[in-house]
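Asks: Residues 128 to 510 in this note's numbering are what the sequence shown lists, from first letter to last. What follows is a structure written as structure tokens; I'll ask about it next.
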Amino acid sequence: MSRLATTGEIFQLIRSGEAVTRADIGRVTGLSRPAVALRIAALRDRGLIVEDAEGPSTGGRPPLRLRFDAAGGVVPVASLGATRTQIAICDLAGEVLLRTDLDIDVEEGPDVVLPLLMDTWEKLLDGQAPAVGIGLGVPATVEFAAGRTESARVMASWTGVVIPPIIAERFPVPVLVDNDVNVIAMGEHRVVYASELDDLLFVKVSTRIGAGVISGGGILRGALGAAGEIGHIPVMDGGGVLCRCGNLDCLDSVASGTAILRDLRATGREVLSLADVTALVRAGDAETMAVVRQAGRRLGQVISGAVNLLNPAVVVLGGDVAEMFQPLVSGVREVIYQRSTQLATRSLRIERSHLGPGAGITGCALMVLDHVLSAEAVDAATS
Ligand SMILES: [Zn+2]
128 MSRLATTGEI
138 FQLIRSGEAV
148 TRADIGRVTG
158 LSRPAVALRI
168 AALRDRGLIV
178 EDAEGPSTGG
188 RPPLRLRFDA
198 AGGVVPVASL
208 GATRTQIAIC
218 DLAGEVLLRT
228 DLDIDVEEGP
238 DVVLPLLMDT
248 WEKLLDGQAP
258 AVGIGLGVPA
268 TVEFAAGRTE
278 SARVMASWTG
288 VVIPPIIAER
298 FPVPVLVDND
308 VNVIAMGEHR
318 VVYASELDDL
328 LFVKVSTRIG
338 AGVISGGGIL
348 RGALGAAGEI
358 GHIPVMDGGG
368 VLCRCGNLDC
378 LDSVASGTAI
388 LRDLRATGRE
398 VLSLADVTAL
408 VRAGDAETMA
418 VVRQAGRRLG
428 QVISGAVNLL
438 NPAVVVLGGD
448 VAEMFQPLVS
458 GVREVIYQRS
468 TQLATRSLRI
478 ERSHLGPGAG
488 ITGCALMVLD
498 HVLSAEAVDA
508 ATS
């Protein structure tokens, strides 16, 4: 490392555990003792690290150890769903400290939903360390850099809304907004898979279908943030179902939870919710298994294209419909192994989400922490 290692770079060494004493930092960076002291003081002043005596004393002064202080700040986060929103306060390691779920109809629009969110954060923040950044996952396409929601047909009242400045007016910290499936994919990858693989495709199948792509360890957002919108890729032999986007046989219209409910009702099954469908799958109802498996095959058509394009190491299925994993995944597998290339499927794993519904808030916290704890951001904050 350069002799001019910055405060932010030193923070990364401490956070990762590569350096645990001032002597370590001097050795790794080549900085003089006073230069190290100056940078350590800046990090301590910002509450980012603590230095305390730990371990057995060998008779002289006990060794002072530096460690990242995950309690030095908090990250308020929320994962908005169509009807249910998870709200949480996380520490600087991304661990959930407090969590509450609210039933909010996202279609009520930003004027209703955002104030409710901010009120809830304010209550939860009482007595906590200062907020360092805020993260939000929304069920819409998001132009990531601007935090602008774009999806006109799904969250009509949110179209074109630039969320960060609205929140920053009340909470003057960095505010990051992304598509809900992107943050879920990120949470699942970091917590479950990061140590073994860098390429993951997360497919969320709930009332709607979306995907988040982790490529080379990072989220693949595309030019503006619209990557992963697989719900509106058409399938073959869909039967001519009109999608809410105006096209025919989009994956969303033939394989989502909404489509499964519709198809089951057409067979005379009295299913009110996806929980009813899950119960029928668990009971081994043949008709239900067939409908879910067919949805899986259609999902497989689109996922096989994504597998050919992206070559992920694992495809993770999440969302409410993933509760029906067995018939769903057998339909998906059937088609993927027919259609994807041999090399792409040679060691391909298809698994069910490990984190489940909690992945969204974890992903939101990690998105914010990557941003506010980066070497550049720490340099800016301590200079
Ligand atoms: Zn569509």
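Note that beta-carbon positions come from the ideal geometry of N, C-alpha and C, so glycine has one too.
Indicate the three-state DSSP secondary structure (helix, strand or coil) for Glu270 in the structure shown.
Replies: Mapped onto the sequence shown, residue 270 falls at position 143. Of the three classes helix, strand and coil, the one that applies to Glu270 here is strand, per DSSP.
Asks: Measuring straight from C-alpha to C-alpha, what distance separates Phe452 and Glu136?
Replies: Here residue 452 refers to the residue found at position 325 of the sequence shown. Here residue 136 refers to the residue found at position 9 of the sequence shown. Answer to the nearest angstrom: the Cα atoms are 44 Å apart.
Asks: Closest by CA to Arg275, which one among Arg335, Ala353 and Ser510?
Replies: To locate residue 275, count along the sequence shown from 1; it is residue 148. Among Arg335, Ala353 and Ser510, the Cα nearest to that of Arg275 is on Ala353.
Asks: In the DSSP assignment, the beta strand (DSSP E) including Gly153 goes from what residue to what residue?
Replies: Stepping through the sequence shown from its first residue, residue 153 is reached at position 26. No beta strand (DSSP E) holds Gly153; the alpha helix (DSSP H) holding it covers Arg149 to Thr156.
Asks: In chain order, which continuous runs of the alpha helix (DSSP H) of length 4 or greater are located wholly inside the region 297-342?
Replies: For the region 297-342, whole alpha helix (DSSP H) runs of length 4 or above, ordered along the chain, are 307-315.
Asks: Just to check my reading of the structure: Arg479 and Ala449 have Cβ atoms closer than 8 Å, yes? What is that Cβ distance to the nearest angstrom?
Replies: Along the sequence shown, one-based indexing puts residue 479 at 352. Along the sequence shown, one-based indexing puts residue 449 at 322. About 5 Å separates the two Cβ atoms, so the contact holds.
Asks: Out of Leu437, Leu426 and Thr472, point me to the one whose CA is closest to Ala325's CA.
Replies: Mapped onto the sequence shown, residue 325 falls at position 198. Per the sequence shown, the amino acid found at residue 325 is Asp instead of Ala. Cα-wise, what sits closest to Asp325 is Leu437.
Asks: State the Cα-Cα distance for the pair Val459 and Ala150, rounded to the nearest angstrom.
Replies: If you number the sequence shown from 1, residue 459 lands on position 332. If you number the sequence shown from 1, residue 150 lands on position 23. Approximately 54 Å between the Cα atoms of the pair.
Asks: At which residues does the beta strand (DSSP E) containing Asp179 begin and terminate?
Replies: Numbered from 1 along the sequence shown, position 52 holds the residue referred to as residue 179. Note, Asp179: beta strand (DSSP E), Ile176 to Ala180.
Asks: What are the boundary residues of the alpha helix (DSSP H) that Pro203 is part of?
Replies: Numbered from 1 along the sequence shown, position 76 holds the residue referred to as residue 203. Taken as a continuous stretch (DSSP letters only), Pro203 belongs to no alpha helix (DSSP H), being part of the beta strand (DSSP E) at Val201 to Leu207.
Asks: Determine the DSSP secondary structure at Gln255, reduced to helix, strand or coil.
Replies: As a working note, residue 255 is residue 128 in the sequence shown. Here Gln255 sits in coil by DSSP.
Asks: Could you check whether the region 372-382 touches the region 356-364, counting it as contact only if at least three pairs of C-beta atoms, one from each stretch, sit closer than 8 Å?
Replies: Result yes; three or more Cβ-Cβ pairs closer than 8 Å.
Asks: Spatial neighbours of Met416 within its chain, please: CB distance less than 7 Å, with the 5 preceding and 5 following residues excluded, ordered by chain position.
Replies: Position 289 of the sequence shown, counted from the first residue, corresponds to residue 416. Val408 and Pro454, listed in sequence order.
Asks: Is Cys370 near ligand 1, judged by its Cβ being under 8 Å from some heavy atom?
Replies: Taking the sequence shown and counting its residues from 1, one reaches residue 370 at position 243. Yes - ligand 1 has a heavy atom lying nearer than 8 Å to the Cβ of Cys370.
Asks: Hey, how far is the Cα of Met128 from the Cα of Leu193?
Replies: Here residue 128 refers to the residue found at position 1 when the sequence shown is read from its first residue. Here residue 193 refers to the residue found at position 66 when the sequence shown is read from its first residue. Reliability fails at Met128, whose pLDDT of 48 lies under 50, so the model's placement of it is uncertain and the value that follows must be treated cautiously. Rounded to whole angstroms, Met128 to Leu193 spans 19 Å at the Cα level.
Asks: State the DSSP-derived secondary structure class of Pro292, mapped to helix, strand or coil.
Replies: What you label residue 292 is simply residue 165 of the sequence shown in a count that begins at 1. Here Pro292 sits in helix by DSSP.
Asks: Output the boundary residues of the beta strand (DSSP E) element that contains Ala215.
Replies: One-based indexing of the sequence shown puts residue 215 at position 88. Note, Ala215: beta strand (DSSP E), Arg211 to Asp218.
Asks: I'd like to confirm something about Gly373: is its beta-carbon nearer than 8 Å to some heavy atom of ligand 1, or not?
Replies: On the sequence shown, residue 373 is found 246 positions in, with the first residue counted as 1. Yes, Cβ of Gly373 sits closer than 8 Å to a heavy atom of ligand 1.
Asks: If we ignore side chains and look at the alpha-carbon of each, how far apart do Arg166 and Gly157 end up?
Replies: Numbered from 1 along the sequence shown, position 39 holds the residue referred to as residue 166. Numbered from 1 along the sequence shown, position 30 holds the residue referred to as residue 157. Distance between the alpha carbons of Arg166 and Gly157: 13 Å.
Asks: For Phe138, which residues does DSSP report across the bridge?
Replies: Walking along the sequence shown from the start, residue 138 turns up at place 11. Partner(s): none; Phe138 has no beta bridge.
Asks: If you draw a straight line from the alpha carbon of Arg226 to that of Arg160, how long is it in whole angstroms?
Replies: In the sequence shown, counting from the first residue as 1, residue 226 sits at position 99. In the sequence shown, counting from the first residue as 1, residue 160 sits at position 33. Near 43 Å, if we compare the C-alpha coordinates of Arg160 and Arg226.
Asks: Can you determine whether any heavy atom of ligand 1 sits closer than 8 Å to the C-beta of Ser457, and answer yes or no?
Replies: Sequence index remark: in the sequence shown, residue 457 carries index 330 (1-based). Flag unset: Cβ of Ser457 not near ligand 1.
Asks: Distance, Cα to Cα, Val302 vs Ala350?
Replies: Position 175 of the sequence shown, counted from the first residue, corresponds to residue 302. Position 223 of the sequence shown, counted from the first residue, corresponds to residue 350. Computed Cα separation, rounded: 20 Å.
Asks: Measure the C-alpha to C-alpha separation of Leu191 and His498 and round it to an integer number of angstroms.
Replies: Along the sequence shown, read from residue 1 onward, the residue named residue 191 stands at position 64. Along the sequence shown, read from residue 1 onward, the residue named residue 498 stands at position 371. Roughly 29 Å separates the two Cα atoms.
Asks: By how many angstroms is the C-alpha of Ala215 removed from the C-alpha of Leu251?
Replies: Mapped onto the sequence shown, residue 251 falls at position 124. Mapped onto the sequence shown, residue 215 falls at position 88. Roughly 8 Å separates the two Cα atoms.
Asks: Taking just the CA atoms, how far does Val419 sit from Leu391?
Replies: The count along the sequence shown starts at 1 and reaches residue 391 at position 264. The count along the sequence shown starts at 1 and reaches residue 419 at position 292. Roughly 9 Å between the two C-alpha positions.
Asks: Candidates Thr385, Asp412 and Ser510: which alpha carbon is nearest Leu399's?
Replies: For the purposes of this step, residue 399 is taken as residue 272 along the sequence shown, with counting starting at 1. Considering only alpha carbons, the answer is Thr385.
Asks: How far does the beta strand (DSSP E) with Gly446 in it extend, from its first residue to its last?
Replies: Here residue 446 refers to the residue found at position 319 when the sequence shown is read from its first residue. Unbroken run through Gly446: none, as it is neither H nor E.
Asks: In or out: Glu296 buried (at least 16 other Cβ within 10 Å) or exposed?
Replies: Here residue 296 refers to the residue found at position 169 of the sequence shown. Its Cβ having fewer than 16 others within 10 Å, Glu296 is exposed.
Asks: Suppose you measure from the CA of Arg171 to the CA of Val177; what does that come to, to the nearest Å?
Replies: As a working note, residue 171 is residue 44 in the sequence shown. As a working note, residue 177 is residue 50 in the sequence shown. Taking the straight line joining both Cα atoms gives about 6 Å.
Asks: State the beta-bridge partners of Arg479 as determined by DSSP.
Replies: Taking the first residue of the sequence shown as 1, we reach residue 479 at position 352. According to DSSP, Arg479 bridges with Leu444.
Asks: Write down the C-beta distance between Val259 and Val202 rounded to the nearest angstrom, noting that I regard them as a contact closer than 8 Å.
Replies: By one-based count along the sequence shown, residue 259 stands at place 132. By one-based count along the sequence shown, residue 202 stands at place 75. With 8 Å as the limit, Val259 and Val202 qualify as a contact, their Cβ atoms being about 6 Å apart.
Asks: Could you give the C-beta distance for Ile488 and Val223, rounded to a whole number, given that I count them as a contact under 8 Å?
Replies: Here residue 488 refers to the residue found at position 361 when the sequence shown is read from its first residue. Here residue 223 refers to the residue found at position 96 when the sequence shown is read from its first residue. So it is a contact: roughly 6 Å between Cβ atoms.
Asks: Got a sec, what are the start and stop residues for the beta strand (DSSP E) Gly264 sits in?
Replies: Sequence index remark: in the sequence shown, residue 264 carries index 137 (1-based). Element bounds for Gly264: Ile261 to Val265.
Asks: Using alpha carbons as the reference points, say which of Arg466, Ala413 and Gly483 lies closest to Gly446.
Replies: In the sequence shown, residue 446 corresponds to position 319, counting from 1. Cα-wise, what sits closest to Gly446 is Gly483.
Asks: In the structure shown, what three-state DSSP assignment does Gly384 receive?
Replies: The residue given as residue 384 occupies position 257 in the sequence shown. Helix.
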